[in-house]
Each structure stands twice: as structure tokens, then as C-alpha cells.
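In my numbering, the protein residues as written are -3 to 78.
By construction, the Cβ of each residue, glycine as well, lies at the ideal position given by its N, Cα and C atoms.
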């Protein structure tokens, strides 16, 4: 489902956010002043990942019967082949 809806970038953003959060925890234990930047990066990556997960919902298309196509590019290619 992740490949079908093209959510690989969203998953990578969330994973990088988790890694940045772990780096923040390690840096804060060692009393590094620059650890706050890792926390900011982690938050930014989480927000970006959340927005990327919502991308297919925002740009979904409805057909004439009211059904929602979450992957309109794939449907257009399938229609062109027929």
C-alpha cells in the first residue's frame, strides 16, 4: 500500500525524525548546547512526514460515480492502455 500511494518519502521522513530524536536524547545527556537543533530537526521531519502522508488525500480525484481514486496517475495510465 505504501508503494501504491507513493508514501516512501513520508516513511523516510518519519524514520529520520525518530533518528534525530534519538540523537537529541544522546546529545542532551552529554549536556551539549547544540542538542536543541536536533530536536528542532526532529520536529520538522515529523511535520513533513505527516503532511506527506496526507498528500494522497488532498489530491485524490472523484470519478463520475463519486468513487475516490487515491492514485489518479496509475488510473490514467491504465485508461490510456485500453
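Of the residues the options, which one's Cα is nearest the Cα of residue i?
{"i": "residue 12", "options": "40, 28 and 52", "result": "40"}
{"i": "residue 19", "options": "6, 2, 8 and 38", "result": "38"}
{"i": "residue 35", "options": "46, 45, 50 and 23", "result": "23"}
{"i": "residue 5", "options": "16, 29, 27 and 46", "result": "46"}
{"i": "residue 10", "options": "55, 53 and 49", "result": "49"}
{"i": "residue 16", "options": "26, 25 and 33", "result": "33"}
Looking at the unbroken alpha helix (DSSP H) that takes in residue i, where does it start and where does it end?
{"i": "residue 28", "result": "Where residue 28 is concerned, there is no enclosing alpha helix (DSSP H), given that its DSSP letter is neither H nor E."}
Alpha carbon to alpha carbon, what distance is there between residue j and residue i?
{"i": "residue 63", "j": "residue 3", "result": "21 Å"}
{"i": "residue 44", "j": "residue 8", "result": "10 Å"}
{"i": "residue 21", "j": "residue 61", "result": "51 Å"}
{"i": "residue 57", "j": "residue 30", "result": "45 Å"}
{"i": "residue 25", "j": "residue 42", "result": "22 Å"}
{"i": "residue 52", "j": "residue 28", "result": "39 Å"}
In this structure, what does DSSP give as the bridge partners for residue i?
{"i": "residue 21", "result": "Answer is none; residue 21 lacks a bridge partner."}
{"i": "residue 2", "result": "None, per the DSSP bridge assignment."}
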